[in-house]
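Undergrad: If you scroll down you'll find the structure; I have some questions about it.
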Amino acid sequence: MKCEEVKANDNISTIKQFVLLGFSEVPNLQPFLFGMFSIIYVIILIGNSLIIIITRVDKALQKPMYFFLANLSSLEICYVSVTIPRILVNIWTQDGSISVLGCASQMCFFHMLGATECFLLTVMAYDRYVAICNPLHYPLVMNQKKCIQLAVGSWIGGAPVQIGLTSQMFSLHFCNSNQINHFFCDIPPILKLACGDVFVHELSVYVVAIKIISTILRLPTVRGRAKAFSTCSSHLLVVFSFFGSASITYLRPKSNHSAGTDKLLSLFYTIVTPMFNPLIYSLRNKEVIAAMRKLLFRKRV
């Protein structure tokens, strides 16, 4: 597809629409990829929905820890719904065209929900810290009002920054090509299409990413953090799988970015982590397993 553009001053072009190349480099695997992503999407929806249901109906799970876990599962459903349906449509139609507004919207919602996941994981770590290090004060510190405030803050906390960051990205001039060598509208492949010096924009991405990571690591004491994580290996595994791949993607210099590596890393924090989260939290948690058995037993009866 040819690049649709409107000529502006100083030989700079303004893109009217983008084309997501997705996995076009492997045309023979398109049916397989469509089936694989469809199955993964269904698994994510079912797995996270089950977590939400059992944390609502089982009285034994009416605790702050499971309240935040239900929020995380709700988030994962929203998070993958920003990317996977679009991937499926593009593979099915073999047309990756997306308007500038559609691309900006996808990027904005993806990063707002990504920021929400960062904050929720932080809140969940803090909840475990208080439960383990200050058990006597836990009911007072993590009361219902506090839990709701932390959850609401997590959902809306990153919105202003991500809206501003998206506006900044799409205020750039794009030239030479409108082809995004990725399966969704993300910052690194968008920056590759920008004309001129984008150092300031790259710097803003680094600052936001580093700020979020520092927030995750900011628990009251190093000793408390170590003690909380030592008994919460499931949460630690999720944190590392999500932040590890995302950090490498967004904190690498632009010169070190390659389309293949970016796609592979993106698959981890956009699809793989949301798919395995319900499994990680349920298989390593006796209360969740017991609640799941109760739910399945009731259905059989």
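Counting in UniProt numbering, the sequence shown runs from 1 upward without gaps.
Even for Gly, the Cβ is constructed at its ideal location relative to N, Cα and C.
For Asp186, count the other beta carbons within 10 Å of its own beta carbon; 16 or more makes it buried, fewer makes it exposed. Which is it?
TA: Taking the sequence shown and counting its residues from 1, one reaches residue 186 at position 186. That one is buried.
Undergrad: Measuring alpha carbon to alpha carbon, tell me which residue in Lys16, Val19, Ile40 and Gln17 is nearest Ile271.
TA: To locate residue 271, count along the sequence shown from 1; it is residue 271. The shortest C-alpha separation from Ile271 is found at Ile40.
Undergrad: Check Gln17 in the structure and name its three-state DSSP category.
TA: Position 17 of the sequence shown holds residue 17. Gln17 falls in the strand class under three-state DSSP.
Undergrad: Since I believe Met36 is in contact with Met107 (beta carbons under 8 Å), could you give me their beta-carbon distance rounded to a whole number of angstroms?
TA: For the purposes of this step, residue 107 is identified with residue 107 of the sequence shown, where counting begins at 1. For the purposes of this step, residue 36 is identified with residue 36 of the sequence shown, where counting begins at 1. The pair is not a contact, with the Cβ atoms about 24 Å apart (cut-off 8 Å).
Undergrad: Cβ of Pro274 within 8 Å of Cβ of Ile44?
TA: Locating residue 274 in the sequence shown gives position 274, counting from the first residue. Locating residue 44 in the sequence shown gives position 44, counting from the first residue. Contact: yes.
Undergrad: Run through DSSP, which three-state label would Phe184 get?
TA: Residue 184 sits at position 184 when you count from the first residue of the sequence shown. Looking at Phe184 - three-state DSSP - the assignment turns out to be coil, as it is neither helix nor strand.
Undergrad: Going by the DSSP bridge assignment, what does Ala194 pair with across the sheet?
TA: For the purposes of this step, residue 194 is identified with residue 194 of the sequence shown, where counting begins at 1. Answer by DSSP bridge pairing, in chain order: Phe174.
Undergrad: What is the rounded straight-line gap between the Cα of Ile87 and the Cα of Leu120?
TA: Taking the sequence shown and counting its residues from 1, one reaches residue 87 at position 87. Taking the sequence shown and counting its residues from 1, one reaches residue 120 at position 120. Distance between the alpha carbons of Ile87 and Leu120: 26 Å.
Undergrad: Under the three-state reduction of DSSP, which class applies to Ser266: helix, strand or coil?
TA: Taking the first residue of the sequence shown as position 1, residue 266 is located at position 266. Here Ser266 sits in helix by DSSP.
Undergrad: Inspect the beta-carbon positions of Met112 and Ala159 and report whether they are closer than 8 Å.
TA: The sequence position of residue 112 within the sequence shown is 112, counting from 1. The sequence position of residue 159 within the sequence shown is 159, counting from 1. In contact: Met112 and Ala159 (Cβ atoms closer than 8 Å).
Undergrad: Check whether the segment 175-185 touches the segment 144-163, taking contact to mean three or more Cβ pairs, one atom from each stretch, closer than 8 Å.
TA: No contact exists between the segment 175-185 and the segment 144-163.
Undergrad: By the 10 Å Cβ neighbour count, where 16 or more other Cβ atoms means buried, how is Asp95 classified, buried or exposed?
TA: Here residue 95 refers to the residue found at position 95 of the sequence shown. Asp95 is exposed by the Cβ-count criterion.
Undergrad: Tell me which residues share the same chain as Met292 and place their Cβ nearer than 8 Å to its Cβ, disregarding the 5 neighbours each side in the sequence.
TA: Reading the sequence shown from its first residue, position 292 is the one you call residue 292. Cβ neighbours of Met292 beyond the five flanking positions: Leu50, Ile54 and Ser282.
Undergrad: Among the candidates Cys78, Pro85, Ile91 and Ile77, whose CA atom is the shortest distance from the CA of Asn28?
TA: Locating residue 28 in the sequence shown gives position 28, counting from the first residue. The candidate whose alpha carbon is nearest that of Asn28 is Ile91.
Undergrad: Candidates Ile52, Phe109 and Thr261: which alpha carbon is nearest Phe68's?
TA: Within the sequence shown, the letter at position 68 stands for residue 68. The shortest C-alpha separation from Phe68 is found at Ile52.
Undergrad: Would you give the residue range spanned by the alpha helix (DSSP H) that Asn163 belongs to?
TA: Working through the sequence shown from its first residue, we reach residue 163 at position 163. Per the sequence presented here, residue 163 reads as Ile, with Asn not at that position. Unbroken alpha helix (DSSP H) run through Ile163: Ala159 to Met169.
Undergrad: Between which two residues does the alpha helix (DSSP H) containing Ser97 stretch?
TA: In the sequence shown, the residue the question calls residue 97 occupies position 97. Run containing Ser97: none in the alpha helix (DSSP H); it sits in the beta strand (DSSP E), Ser97 to Ser99.
Undergrad: At the level of alpha carbons, what is the spacing between Phe18 and Ser73?
TA: On the sequence shown, residue 18 is found 18 positions in, with the first residue counted as 1. On the sequence shown, residue 73 is found 73 positions in, with the first residue counted as 1. In a straight line, the C-alpha of Phe18 is about 31 Å away from that of Ser73.
Undergrad: For Gln106, does the three-state DSSP call read helix, strand or coil?
TA: On the sequence shown, position 106 is the one that residue 106 refers to. In this structure, Gln106 counts as helix in the three-state DSSP scheme.
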